[in-house]
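K.L.:
Sequence lines, in order, name chains X and H. With the numbering used here as the guide, the letters of the first sequence map in order to residues 661 to 776. With the numbering used here as the guide, the letters of the second sequence map in order to residues 653 to 764. Virtual Cβ for every residue (Gly too), placed ideally from N, Cα, C.
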Amino acid sequence: MPSLGILFYNGPIQYVTPETVIEIARTALDKGYKVRIFCFMDGVYSIMKGHERVPEEMINTEDAFKELISRGAEVIICTLTADQRGIKDVVEGVIKGGTPDLAEIIDEVDRFIVIT
Amino acid sequence: MRKVAVIIRTPPHGKYLSSEGLRIATALTLYDLDLYVIGIEDGVYNFLKDADKSTYEEHLEYLSESGVNILLDEDSIKERGLRKSDIIEKATITPHKEIVEIISQCFTTLVF
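Listed below in structure tokens is the structure:
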């Protein structure tokens with residue numbers, strides 16, 4: 661199975677970045693890729709619980725990441741940057757990790773992209 | 653061996669992107685990668701001798717001690733009126749063409 665790694669570090673609502681990550685991940689899963697996503701810096705807000713009043717024209721990243729995980733995507737949160745932002749409650753199935761996990765992803769996947 | 657570049661293009665003030673990028677670069681040394689840290693555009697300001705490096709000094713030290721190539725784009729240096737004497741010794745001023753060549757050979761690039 662081919663594999664794709666993704667890093668992003670911009671948060672939802674302010675940037676489209678997380679939505680772009682979600683769309684790319686959905687497409688990669690559709691095409692049979694193993695998808696591994698690393699959420700860094702403000703990107704961690706995408707997977708915290710409690711997103712409310714998200715405009716209909718935007719993707720609710722909390723729901724979308726739940727969907728990606730249910731489809732087999734591996735989603736890792738950088739614990740340090742999440743702690744720095746006071747984020748405690750994240751979507752079920754998210755793996756708590758750190759930058760060494762990102763290094764492992766880069767070392768192992770077939771393709772790796774950064775979405776800014 | 654996979655060639656990977658962490659590209660620092662933002663200055664050390666106003667944003668914390670560059671220091672976080674350098675932190676990621678230190679983690680990448682855990683694996684057998686051909687790792688480059690490349691300063692371009694305003695990113696070259698991170699490597700000034702006189703810059704306040706309090707948020708990333710230890711990362712730079714570690715990267716240097718680990719033998720990671722720290723390259724600064726010569727064009728970006730010149731465009732900002734900087735000189736070799738302004739730059740920390742750990743970094744090497746490199747012609748733009750060589751920087752582009754290295755980036756084109758990379759498995760991936762991480763831009764901060």
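Cβ atoms of V754(X) and I778(X): under 8 Å apart, would you say?
P.N.:
In the structure displayed, chain X extends from 661 to 776; residue 778(X) sits before or after that span and is not available.
K.L.:
In angstroms, rounded to a whole number, what distance separates the CA positions of A742(X) and H711(X)?
P.N.:
Computed Cα separation, rounded: 16 Å.
K.L.:
Run the CB neighbour count on D694(H), radius 10 Å, all protein chains shown included, and call it buried at 16 or more, exposed below.
P.N.:
Classification of D694(H): buried, given that the 10 Å Cβ count is 16 or more.
K.L.:
From what residue to what residue does the beta strand (DSSP E) around S663(X) run?
P.N.:
It spans 663-668 - the beta strand (DSSP E) in which S663(X) sits, taken as one unbroken run.
K.L.:
Can you pull the chain H neighbours of P760(X), defined as C-beta to C-beta under 8 Å?
P.N.:
Those within 8 Å of P760(X) in chain H are A679, L682.
K.L.:
Using the three-state DSSP reduction, which class does K756(X) fall into: helix, strand or coil?
P.N.:
It is a strand residue.
K.L.:
For the alpha helix (DSSP H) containing R675(H), name the first residue and the last one.
P.N.:
Start and end: 669-680.
K.L.:
Have a look at the DSSP bridge pairing and note the partners of Y768(H).
P.N.:
Only positions 653 to 764 of chain H appear in this structure, which leaves residue 768(H) out of reach.
K.L.:
Among the candidates E710(H), Q757(H), S671(H), whose CA atom is the shortest distance from the CA of V696(H)?
P.N.:
Among E710(H), Q757(H), S671(H), the Cα nearest to that of V696(H) is on S671(H).
K.L.:
For chain H, find out if any of its Cβ atoms is closer than 8 Å to the Cβ of T680(X); answer yes or no.
P.N.:
T680(X) does not count as touching chain H.
K.L.:
Using a 10 Å radius around the Cβ and a threshold of 16 neighbouring Cβ atoms, would you call D761(X) buried or exposed?
P.N.:
Answer is buried; the Cβ neighbour count reaches 16.
K.L.:
Would you say A763(X) faces chain H, with C-beta separation under 8 Å as the test?
P.N.:
A763(X) counts as touching chain H.
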